[in-house]
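Heads up: the structure comes next, in C-alpha cells.
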Amino acid sequence: MEQNARSLKAMKMGEKQYYTLVLIKKLFKHLLLSMTIGILYDIACQLDHQWPCQLVYHPHKCEGFRLSDGEGCKRLWSALKLLIPPLHVSGYHQCLFILNVQVWHLNKKNLNTFGKWLSHRWTCCQTKKSDAGRCTTTTICG
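Using UniProt numbering, you'd call the opening residue of the sequence shown number 1 and step up by one each time.
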C-alpha cells in the first residue's frame, strides 16, 4: 500500500522543480542506508500520456512498486482540498493539528474499507484468470 510520507505537487516546470530534489535529499538524510525507497514522479502531463512511456515507466512495470498505481498523492490531495479555505486563515499549529486529525481519519476510514476492496480485487483477479484460461484453451484447441 502507498504511504505518503511527504507529498509535493510541483506546478511549474523548470526552476520550481528543485524543491522536489531538495525534499528528496532531505528525506535521504533521515533514512538508514539499508532502507529501500521508491519515488514516483508524474510526468504524464509533460509527455501527453504517450503509450511507450506508460509501458516503460508505469509503477506496475517497475520492480518494488507492486500494485501501487502511483496515484496516492492525488487521492490524498483530493481528500484534503476542502480544508484549504478554512486553514488558509488558521495558525500554523492549528493547521498541523487539523491535517493530522484528517489524515488519521482517512487512514481509519481506508482501513475499515480495505477488506471489501481486497475481496473485490480478488474476485476480479479470479475472473480474469478464468477468462485467460478459457481463452488459452480455446486458442490452442480450436
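Ideal Cβ placement from N, Cα and C applies to all residues, glycine included.
Under the three-state reduction of DSSP, residue 40 is assigned to coil, being neither helix nor strand. Take the alpha-carbon of residue 110 and the one of residue 40: they are about 22 Å apart. In this model, residue 37 and residue 53 are separated by some 22 Å (Cα to Cα). Inter-segment contact for the region 84 to 103 and the region 119 to 129 is absent: fewer than three beta-carbon pairs are separated by less than 8 Å.
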